[in-house]
Structures are given as C-alpha cells and as structure tokens.
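One structure is given here, and the rest of the page talks about it.
Residue numbers (our numbering), protein chains in the order written: chain L, 3 to 254; chain E, 3 to 254; chain A, 3 to 254; chain V, 3 to 254.
Rendered as structure tokens:
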C-alpha cells in the first residue's frame, strides 16, 4: 500500500514527522507538503502561478503551494505509482465544528477523495503547545489497520480529533457529528507603527452546539472523535423547498 | 436592508460592478472585496498577518486578503451597521459541481452564514470571456425580491449559476443538486526559462455526473441553476457506519 | 519621443496619474506599473515566477511584480517601439539620502539605464499626506524640456525631490549630493492577537549628514533637489586600499 | 567578536551552512536568514507587514522576510549583543558587475553598514550547480583573519566572488572594479496552460565590459575577486554638470 501524507503546518512540522514515523512500518509512505505554514488555507488552489516541488533534506517533497496544491500535484502526476490513500496531519491544533471549513488539513484529505481508499484528516486537539503527538500517531496506526481489515467506502472522509493526553488516558473512540461555534469574535483593530489602520481576524467563536454527539463533546470527555464528512455540499433536504420557493411567476 | 457584496475576482471586476449596480436601487449596498484576483481561494483565512482595508476610487472597500477575509472583516466590526445578507459575485465563470469546494465566491457567501438572511453566490457560466453580466444581474434582482417577499431560513446558502446568454434566452429557473466532475486532468509539467521544473495545476475534470437534476444539466439547457448548499459537512448517513466500524476491540 | 512611466506606489496612485497627465502633451506616454503598492521594493526582480501584464481601465499597463519588473518587461519586449527614457514617480514621499537604497521609484529609474536618454526618479517630499502633486508635475515638465533642449549623457540618473508646497513657493533648483541618515530606529516588537511575537521594521533614522550641499538641506529650504546617481557601485578610491590590504601572504 | 551571517538563498542553503561552519571557530556566530529563497530581492524592506522570527532546527533564526529585513532586524534589536560585522553568503552563483544591483546577498551586507567592522558579501561563481563551497569558506576565513589583523575602515563593503574550483586551484586574490553586462536578454513570452499570456524575466545580458581589472576578468582567470563597493550613490563627478545644466532660466 502506498500512502500519501500531507499537512498544512509545513513539511518540517513535528506532527507530520510523527505521522510519517508511525505509518512507515505499515506502508510505503510519500510525503508532499507545503514548504511553510499554510494553516487556514482551506481548499485554495494555485491556478495563476506554477508550483515548484523539491525533495527536502528529510526526504519529504516540499511544494511552494497550499495543502490542496500538494495533494493535487501528488495524485495527478507527481508521484508514481499513484497513492492509494491520503493521511493529512497530525495538525497542531483541533479541527472541530466550523473549523473544518477553513482547515488546510481537512482540505488536504478532501483532495484525496478520488483515490481508492478513504481519506483521513487527523488533528491533535491541544489548547496551547501540542504535547502528545505520539497519541495521535498511535490513533493513526489503529485507524490504518482497521481500514485495511474492514474497508470503508472509498468516498469516505474521516475527520479525526485526538485529545492531547498520553495514550493511556484516551477513553476510547466516538463516531460524532460536527458541533458548531458561535460567530467569531470581533475583528481586532490596531494601528501599525506608521499610524495606519490594520485589522486582525478575531479568534473563533465559542462553542454553541457542543452537546453529546458532537466532536467537541467527545474530545472534551477524552475520546478520539471521528466524524464522517461529505464532499457533496448539496443540501438535499432543501432542494424541494427551493423548488417551491421558485415556483410561481419566477419560473412561469 | 443592508446588503454586503463581495467576490473573488477583485474589487474592480466587471461582474461585481454589475451586481452592485443592479442591487443598489433595492437596498443599501456595501462592497468589501479583495484588492486583486483571488479565484480558487476557497475559505482560506489570513490569521498570521494583519489586513488593510481602503476605500477605493469607486467607493468599494478593498482588502489585501481573501474573499473570506473580506466578508469576515465586514461582519465582525468593519461595517456599521452590520449587513443583513451577503451576495457574492457575479463570478467570471461557472461554479458547478466540485467547483464549489474551491470557489472563493461560494466561500464569501459561506462567511455570511451568521447573518439574518440567506447568502447568495452567483456566477456567470461562460465558456470563454464572460458576456452577459446583465443577465446574471437581473437574476440577482429577481432573487433578492423573492427573498424579501418569501423569506427562506436564514442558514440557507444558494449557489446560483446563470447561463451566459441574453436575458430573453433564459429558459427559467431550476432547483438542482451539485453534479460531479471526474478527477482533474494531469498536472502540466514544464521547464522554466532557467531549466528548472515547474508544475501547473491541470484543468478541472470533465463532467462525470451531469444528468437531469444536476446544476450542470440545468445550465447546459439554458436554465438558471439554484442549488441549496449546507455548511454542516457531517455525513449524517454515515455516522452509524463509522460507529459500527469502530466497535469491537478498538473501543473495547 | 516615447517616455515610459512607472512607480512603486501602484498603477492607481495619484502621483503617477499626475505625472502622466503632465507629460502627455510633450511625448508619447506608456505607463507600466505595479498592480499594487510596492514601496521599498528596491531593485528586486521576480525570477522564480512568471509575470502577468494587463491593460487597466485607465489605460495603464499593470503588472503583478515589482517596479524593476515593470520597467524590465517594458524595455525588453513588452513595449513596441522601445521607450527613449524612463520617468519614475511621482513618489508619495521623499527619497532622500539612504532612502535611495530601498526606493522602488529610484529602482524603476535605474532599470531604464540602458535607454537612449537619462532616467529620472521624482518624489514629493511630504511629511504627511502628499498635497502638491501639481508642483512635482510642473518640475517634471521643466526637466523634460530641459533634457530635450540640452541633453545630458544617456547614462545619467537624476534623483529629484520636490518640496510639497505650491508651485509659486518653490525657491529654485539645486544640484545636490545625497545626505545620510543615522541608523534606523529600533525594531518594534509586539505580540499578535494570538500571543505570538511579531516585529515591525522601525522608522528611518534621523538625518545625520544634512548640511548645505545635501538633498536634505535643499528640500528643507524649499528647493527642488536634483542628485545625479551612479549605477557603478565600485568604490574606485578604495581599490588601491584593498589591493594593499591584500598584498603579502594572502596573494603570495 | 560577534559575526552576523545572512544570505538570500534561505536558512537551509548549503552555502550558508558552509560559511557558518567555517567561521564558527573564530567568532561568535549568529545566523538570521530568510525562511526561503529570496534571490534577487535587492534591498527590499518589508514595511507594510510585521515579520516573524523563529529559531529553526539547525539553530539559525529564520525570518519570513527579505535578506535586508533579516539583517535590519538583527542589528536593531533582535540580537543581543549587537554584532560587530556581517558576512553574507555563500551565495549560490556569482554576483558580478550589474548583478550587485539586484543581489540579496550584497543587500544583506549593505544593511550591515552601520556596524563597527566592514561588511562582506561572498559568492561562489559557479556556472551550474555549485560544487566547491569549501573554497569560498576558506576564503571567508582568510578575509576574516585579515580584517582582524589589519582593519579596514568600518564603512567598507567588500563584494567577494570565488571561482568554483578546488582550493588549490585558486590563483590568488585581486582587487577589482565591477564590470558591466549588456542589457538583459528579451523577456520570454509564453502562454499558461489556460491560454493566458505570461512573461518571464530574461537571462542577464552577456558581459560587455569584462576586461582586465574587472571582477569578471579576475574570476575567469581563477582569482578571487574583491571589489570595494560604495553605498553613497551620489555621482560626485556629475554634480557640477547638473549644476551647469540647471543654470539659466530654470533657476532664474
């Protein structure tokens, strides 16, 4: 099996190195990752400029693009043979609830949706500096073995968040839904040293929907949270509502 | 009513100007848009650097960030009073099927999900150079009036694609689901003038799932396609599958 | 005569528009300028990525590169016929003393050194918001006429600074040498809203050598300062010193 | 003695590592260098955005800015105590003749002009892939020792180019002047895969003035070329010419 690894914290990130070390005994590993921190890059793709890919000192391939660029390149011609699946992470920080919309780690996994096996995004849900990458690395191994033994449909995307505790303190695994955050905190307005206005994006909103069943809740209770994500954003339950709403003079 | 407009083609784009002109008679309009082309930026957010916002000659506010940055700033403190809804577009080019994952226009609308009224992303589905922005502008007006007369739930996000034909050639409106593309074409490998390898992201894949009911099909038949999108990416139908898959020794 | 205009404040800058308006009656004008503010870009060249050039709404050609890129492109194939000379500016702010090392405006003029006529960098020496672009524009016309009537050697680069006063308050013209600043003020250390260290380049140092004969002095007295710059950075007076220093065992 | 090292090829570049290794036995070494390749950055300074500085795995401080930013930060507050001198390089490629206008390596040295000892920019004049960094490293040691034994004026900036040959094949040292190149080769116009025009900066011009006494000549004959550079760009010999040119009605 050939597994492609990527992330959004950059090819030198401790979480990526830990993931590569953990999975290497079980598969052929190729790493294609951004040449620097690209957190919150979401699914952004570089269409206007060419990309460059170089083998770095640690054997990883670094690309001057986004996480999506990295995986896109890797599976459309850069790597031979094509990988069978993508693992993205281990992200330095949680990707819970609305975070997944912005996450470069989840985006990297998304880009692996055309491959033969499910894609996995794995994040260490730390509050401050991440400490227990070894816990998330062990979880990655457990999930890889399980995916081999008991395959899931290939269009599955698993968003995994691991509490930042020692492996023996993990309470178990939970299949979850995404919770939700409140709207972000207000923009932070400052003046630069030359007296001009600058704005910083404010911190994410507090948890709004974080009750039992959500990823927020699972992680807060010490469980590994696993949320299946869909890549078809159609809100099927609302197609009829829109159809009715459109009926009448508009479509006459 | 106070409507926030944004886009991903930049504050000078013809589609944005057309949209502002069309909606201005019906509402207070504020435009906050990127200072340059940011197509395919998806939901990327600028967290590491501050942003700058300036009123441009045309009265629009330009920001040196992504579409998501623009809307985020606008609704978390830059604009007073806060807007009631977001219209993003008119995008120069279609946002059909998988395109929505990468689209900066759809992302701008997404960022308006916390506002009091639905968000609308509107794109002109042209093959080459866009020609009939006036058609998409008329569609925007129709939808705005309809949203006022017959409100939809506030967490609704409408992805609208308009055929690039004269207004009188529009066949009507269709509520659709997203179609799907094949995997992208292979990466394009070249050498730069200094002899070094560069890679360009290949063109989007051909349509794979473009039958009746899809957005691809509606547009190709001359209809305005309207797809309700969901922002909760949880794949609810698969939570149980994942739960069963996890059961056994893993969660023991 | 065909004059190429560029700047570092971007193709929409008021100073550039004023310069183009002033010179247009006297020559064919082509403007090739950065698509956004590129102050302090110095002579940086974009070698790793391709550039894009588009005709903007105001008829200027905008390039997604540095001032040096703009002039380089313009004189190596983008413009037909090739321009005869370069005017860069009107810069929003002075370029006095050590400023010329960093200035994108001076760099744009530098890049015109291979053309048939002298290159001119012109800056408005304002303290706060620039006010009297018309004064600098008149100066540009005076210099252009004079260059036509009484040519200077083609490898001449004139660095012009104009006091930000009404035209009638200009005291005259002075041929000057560059003054010198003290070392810059200390770096400004802050924390970003996420608690991480960031650094801002401090303000330029105060004037150290600003006595009679310098550009600083001329401008402060209300004169237009004109400093001839050389592009051969060799310090000829020191070649012998280095030769002697090297003699002995090193070169044995 | 405390020596600051920087470069423009990035903190991981082989030439920088070789330089640090060579000088470490003779002084306290601090390295502050760009986090990625910033060749041809010239003296560009980052004024609009803050910078971030991190200690990398190899102990060097990496900054998300230009070479000039790196040295500027280092000597205006980042490093305690302040360094005594700057060595920039070993650049991957020559910096001969007009190259010095664009070079980030020379710019890094320039920024050290306020320190107590001369600044040195050192480049390996290779044609293709650099091979003999050890030769340039030895040259750096020779020059450092010489600067300590027989000090040069503190405002001296030495631009050093070392032939890419084995140390025993170096023919000696030469004090040189800068040669000159012809105008650059024409811009290279291409179409990107989406059919849009792109432009690449063409290669540097051929040597125009490369006879005896120039840096080009010294290197081509197997000598280490050392050119003293001046940072005062005033063309003193032309001030009178400009004064006369201005006299008459202009200054009336």
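A virtual CB, placed ideally from N, CA and C, is assigned to each residue, including glycine. The structure displayed is predicted, hence computed values, not measured ones.
Against residue 74 of chain V, the close residues of chain A are 186, 189, 203, in the order they occur along the chain (beta-carbon pairs closer than 8 Å). Inclusion of residue 234 of chain E and residue 182 of chain L in the CB contact set at 9 Å is warranted, their separation being smaller than that value. CA-to-CA, the gap between residue 172 of chain V and residue 22 of chain V works out to about 21 Å.
The criterion of a C-beta distance shorter than 9 Å is not satisfied by residue 149 of chain L and residue 17 of chain L. Under the three-state reduction of DSSP output, residue 228 of chain V falls in the strand class.
For residue 228 of chain A against residue 244 of chain V, the beta-carbon gap comes to about 6 Å, under 8 Å, which counts as contact. Burial check for residue 242 of chain A: the Cβ neighbour count within 10 Å stays below 16, so the residue is exposed. In this chain, residue 237 of chain E is not harboured by any alpha helix (DSSP H), its DSSP state being neither H nor E.
Under DSSP, residue 57 of chain E shares a beta bridge with E/63. Taking 9 Å as the threshold, the shortest C-beta distance from residue 156 of chain E to chain L does not fall below it. For the region 32 to 54 of chain L, residues whose beta-carbon sits nearer than 7 Å to a beta-carbon of chain V comprise 37, 38.
About 7 Å separates the CB atoms of residue 10 of chain E and residue 93 of chain E; that is less than 8 Å, so the two are in contact. Rounded to whole angstroms, residue 15 of chain E and residue 7 of chain E show a C-alpha spacing of 12 Å. Between residue 59 of chain V and chain L, the shortest Cβ-Cβ separation is below 9 Å. Secondary structure at residue 116 of chain E: coil, using DSSP grouped into helix, strand and coil. When C-alpha distances from residue 107 of chain L are compared across L/70, L/74, L/131, the shortest belongs to L/70.
Nearest Cα to residue 169 of chain L within the set L/189, L/50, L/129, L/141: L/141. With a 10 Å radius around the Cβ and a threshold of 16 neighbouring Cβ atoms, residue 37 of chain V comes out buried. Counting along the chain, residue 36 of chain A sits inside the beta strand (DSSP E) bounded by residues 30 to 36. Buried is the label assigned to residue 219 of chain E, since at least 16 other Cβ atoms lie within 10 Å of its Cβ. The Cβ of residue 86 of chain V sits no closer than 9 Å to any Cβ of chain L. Between residue 20 of chain E and the set E/41, E/138, E/113, E/3, the nearest pair of CA atoms involves E/138. Inclusion of residue 47 of chain V and residue 74 of chain V in the CB contact set at 9 Å is warranted, their separation being smaller than that value. The Cβ of residue 195 of chain E sits closer than 9 Å to at least one Cβ of chain V. Under a 10 Å Cβ-count criterion, residue 238 of chain V is classified as exposed, with fewer than 16 other Cβ atoms of the shown protein chains found around its own Cβ. Judged by DSSP secondary structure, residue 7 of chain E falls outside any alpha helix (DSSP H) and instead within the beta strand (DSSP E) spanning 4 to 8. When 9 Å is used as the limit between beta carbons, residue 112 of chain L is near these residues of chain E: 103, in chain order. Counting along the chain, residue 176 of chain A sits inside the beta strand (DSSP E) bounded by residues 174 to 177. For residue 80 of chain E, no Cβ of chain A is located within less than 9 Å of the residue's own Cβ.
For residue 234 of chain L, the residues of chain E that pass the 7 Å Cβ criterion are 180, in the order they occur in the chain. Taking 9 Å as the cut-off, the beta carbon of residue 102 of chain V is found no closer than this to the beta carbon of residue 165 of chain V.
In this chain, the alpha helix (DSSP H) harbouring residue 140 of chain L covers 135 to 151. Interface criterion not met: the Cβ of residue 223 of chain L is under 9 Å from no Cβ in chain E. DSSP places residue 24 of chain E in no beta strand (DSSP E) but in the uninterrupted alpha helix (DSSP H) bounded by 16 to 25. Collapsing the DSSP output to three states places residue 51 of chain A in coil. Going by beta carbons, residue 97 of chain L and residue 104 of chain E fall outside the 9 Å limit.
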